[in-house]
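The structure under discussion appears below in the form of structure tokens.
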Amino acid sequence: MAIAVRSSRGGGSGGVGAGFRSLFSYRIFISALFSLLFIVTVSVLLTSRPPPTHHHSSLPSGANAYMHRTFLALNSDPLKTRLDLIYKQANDHITLVKTYAAYARKLKLENSKQLKMFDDLAKNFSDLTSKPSLFETDGNLDEDVLRQFEKEVKDRVKFARLMVAESKENYDNQLKIQKLKDTIFSVSESLGKAKKNGALASSIAAKSIPKSLHCLAMRLVEERISHPEKYKEESPTAEFEDPSLYHYAVFSDNVIAVSVVVRSVVKNAEEPWKHVFHVVTDRMNVAAMKVWFRMRPVEGGAHLEVKAVEDYSFLNSSYAPVLRQIESAKKQRFNFEKTTENVMEDGSNMKLKNPESMSMLNHLRFYLPEMYPKLHKILLLDDDVVVQKDLTGLWKIDLAGKVNGAVETCFGSFHRFSQYLNFTHPLIKERFNPKACAWAYGMNIFDLDAWRREKCTETYEEWQNLNEDRTLWKLDALPPGLITFYSLTKSLDKSWHVLGLGYNPSISMDEINNAAVIHYNGNMKPWLDIAMNQYKNLWTKYVDNDMEFVQMCNFGV
């Protein structure tokens, strides 16, 4: 029994040892197997490594690509990967800079500072990327050198981005087009406002009475009141009705302007004693005008009379339709007080609000035969003209039965009848040619006998009655003149009358010096501060500066 028991214990102990050895051998086997699999896998991956990143043309996609890049990163030099990224960034910006430079050339900006900067920047990038190798002799990268290289590239990239940001607006076509449209619209609006404001300011400056002129008129009236015995009315002399003399008509309320016209005529006349001046002004200025010419008599023995509109009793609203229209226009407030409001709406309406166009002085010219019944010819001069030559030759011109001798002003499509008359109205459209050439007031020789024969005053009044509602033309003197003397005007040589010195700075001085009469038509009258300096001295040399009141009023001449 004892033997059997020992045998049993010994057998149990041997079974346990065998089991332990068996488990240990299994573990060794599993470990060896996994190690072998790992080595094989790594070997396969390493032997199938793709080319460097900056040369690859096709990469795996999806999970394979991710695994590929992961093992590639584990096997590559991190400094070399960083260098590749820097090169890629530099090359991208070289392409961008060259693109903007090429576009600048396309826009013909070869000489611009911007194009030069783009070209220089592209060259700097190219020089930077073509530097000698950053590798050391053993093939490894120097991190300090790489860091410096990276800093240089980043600085250039930053500068390139700033330049592109500044230039993008210039090269964006849609943005440029929109910006240009906005600019054009803004400039157009500003120009329109400036024109209207300019027309208003110019009109105010031209039609307002300067302080010096007001002072002169007041001084002259004061002189009349202070010394009435010196300025008693004189009986008219026979010369004022003598048709053999040279007669002039000047209608104005401007004392200094009339004195310049008369003085310039007399100083250039070969026989001044044969010249007779008929000055007509309004009731307010008649005293001042008479005192001036009593204190400063006309030189050379010429003759001069001063009258007021009211002295011609036949000129009343029942006889002269224009007087009725002027009164009606004033009642309807078509006067200068409304200029500001209306000019801002329509700058073309200036004539309608111009007080001069609503003055009877501006329409007396249509009643010359009635005012001077014994005369055969008369020369009408505006108060803004200067005479530079003897004018007696005008009386010798054969008008060939015409009534009015005047200088024509048309050229091309400008200054035609269509610009002065309303050709949408059937009365105008039926009777007149819209392309007919207009002529100028300012210096006109009138054959009063032909005027009476053609009944021009009746024609004028007939058309004035038809224009009661101002639908044929605006309230002004030239349009009815064009109608009244239609086909009755003789064209004179342009050297007799040169116009535009009140608005045109480009008139040739040769043309001016050759002219018999120069005309400051326009807003820049020579007695105003806004007069053009290049023409002003042609007027001021005839101002009587020795007259004491001219000096006292500090007349700006």
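Numbering (our numbering) for the sequence shown: 2 to 558. Glycine residues also receive a C-beta, built at the ideal position from the N, C-alpha and C atoms.
Check: Shortest alpha-carbon distance to residue 324 belongs to which of 461, 427, 193, 258?
Finding: It is 461 whose Cα lies nearest to the Cα of residue 324.
Notebook entry, point to check: Within this structure, are the beta carbons of residue 547 and residue 264 separated by less than 8 Å?
Noted result: no
Next item on the list: Work out the CA separation of residue 445 and residue 186 for me, nearest whole Å.
Entry: 46 Å
Notebook entry, point to check: Roughly how many whole angstroms lie between the Cα atoms of residue 266 and residue 197?
Noted result: Take the alpha-carbon of residue 266 and the one of residue 197: they are about 38 Å apart.
Notebook entry, point to check: Near residue 120, what residues of its chain come up, given a Cβ to Cβ distance below 8 Å and the 5 sequence neighbours on each side ignored?
Noted result: Non-local C-beta neighbours of residue 120 in its own chain, meaning closer than 8 Å and more than five positions away in sequence, comprise 102, ordered along the chain.
Notebook entry, point to check: Less than 7 Å between the CB of residue 408 and some heavy atom of the ligand GDP, yes or no?
Noted result: Among the components modelled here there is no ligand, and therefore nothing to report on the ligand GDP.
Next item on the list: Report the residue from 364, 459, 487, 418 whose alpha carbon sits nearest the alpha carbon of residue 405.
Entry: 487
Next item on the list: Could you tell me which residues DSSP puts in a beta bridge with residue 444?
Entry: 382
Next item on the list: Quick one: residues in its chain with C-beta nearer than 7 Å to the C-beta of residue 526, no 5 flanking neighbours on either side, listed in chain order?
Entry: For residue 526, where only same-chain residues beyond five positions count, the Cβ hits under 7 Å are 207, 385, 503, 532.
Note to self: Using 8 Å for Cβ pairs, my map puts residue 311 next to residue 391. What's the rounded Cβ distance?
What the structure shows: Between residue 391 and residue 311 the Cβ distance is about 34 Å, and since that is not below 8 Å, they are no contact.
Item checked: Where residue 305 falls: helix, strand or coil (DSSP) -> strand
Next item on the list: Give a yes or no on whether the C-beta atoms belonging to residue 520 and residue 383 are separated by under 8 Å.
Entry: Closer than 8 Å, so yes.
Next item on the list: Within 10 angstroms of the Cβ of residue 150, are there 16 or more other Cβ atoms? Answer buried if so, exposed if not.
Entry: buried
Item checked: Of the listed residues 184, 288, 215, 258, nearest to residue 229 (C-alpha basis) -> 288
Item checked: Spatial distance of residue 554 from residue 305 (CA atoms) -> Rounded to whole angstroms, residue 554 to residue 305 spans 25 Å at the Cα level.
Notebook entry, point to check: Can you tell me whether DSSP reads residue 436 as helix, strand or coil?
Noted result: coil
Check: What do you get for residue 420, buried or exposed, if any count of 16 or more other CB atoms within 10 angstroms of its CB means buried?
Finding: exposed
Check: Would you call residue 537 buried or exposed, if buried means 16 or more other Cβ atoms sit within 10 Å of its Cβ?
Finding: Buried, by the Cβ-count rule.
Next item on the list: Compare the beta carbon distance of residue 282 and residue 367 with 8 Å and say whether it is the shorter of the two.
Entry: no
Item checked: residue 407 - DSSP class collapsed to helix/strand/coil -> Note: residue 407 maps to strand in three-state DSSP.
Next item on the list: Might you give, ordered along the chain, the residues of its own chain that have their beta carbon closer than 6 Å to the beta carbon of residue 492, omitting 5 neighbours on each side?
Entry: 409
Next item on the list: Can you give me the Cβ contacts of residue 468 inside the same chain, cut-off strictly under 7 Å, excluding the 5 residues immediately before and after it?
Entry: Excluding residues within five positions, the ones whose Cβ falls inside 7 Å are 474.
Notebook entry, point to check: If you run the structure through DSSP and keep just helix, strand and coil, what is residue 248?
Noted result: strand
Notebook entry, point to check: Mapping DSSP to helix, strand and coil, what is residue 339?
Noted result: Its pLDDT being 48, under 50, residue 339 is placed unreliably in this model, and the coordinates cannot settle the point.
Check: In angstroms, rounded to a whole number, what distance separates the CA positions of residue 87 and residue 118?
Finding: 22 Å
Notebook entry, point to check: For the candidate residues 496, 251, 300, 387, whose alpha-carbon lies nearest to that of residue 380?
Noted result: 251
Next item on the list: Hey, could you find the ends of the alpha helix (DSSP H) residue 210 is sitting in?
Entry: Here residue 210 belongs to no alpha helix (DSSP H), and DSSP marks it neither H nor E.
Margin query: Taking the alpha carbon of residue 318 as the reference point, which residue from 210, 199, 466, 397 has its own alpha carbon closest?
Written below: 466
Item checked: Given residue 387 as reference, the closest of 156, 193, 257, 165 once Cα atoms are compared -> 257
Next item on the list: Answer yes or no: do residue 98 and residue 161 have a C-beta to C-beta separation smaller than 8 Å?
Entry: Yes, they are a contact pair.
Margin query: If you reduce the DSSP assignment to three classes, tell me which class residue 491 lands in.
Written below: strand
Next item on the list: Check each candidate in 199, 522, 247 and name the one with the smallest Cα separation from residue 397.
Entry: Out of 199, 522, 247, 247 has the C-alpha closest to the C-alpha of residue 397.
Checklist line | Same chain only: Cβ atoms within 8 Å of residue 285, ignoring 5 sequence neighbours per side | finding: Contacts found: 254.
Notebook entry, point to check: Do the segment 288-297 and the segment 215-228 meet, that is, are 3 or more Cβ pairs less than 8 Å apart?
Noted result: Yes: at least three Cβ pairs fall under 8 Å.
Item checked: Exposure of residue 449, with buried meaning 16 or more beta-carbon neighbours within 10 Å -> buried
Item checked: N- and C-terminal bounds of the beta strand (DSSP E) containing residue 267 -> Careful: residue 267 lies outside any beta strand (DSSP E), inside the alpha helix (DSSP H) at 256-269.
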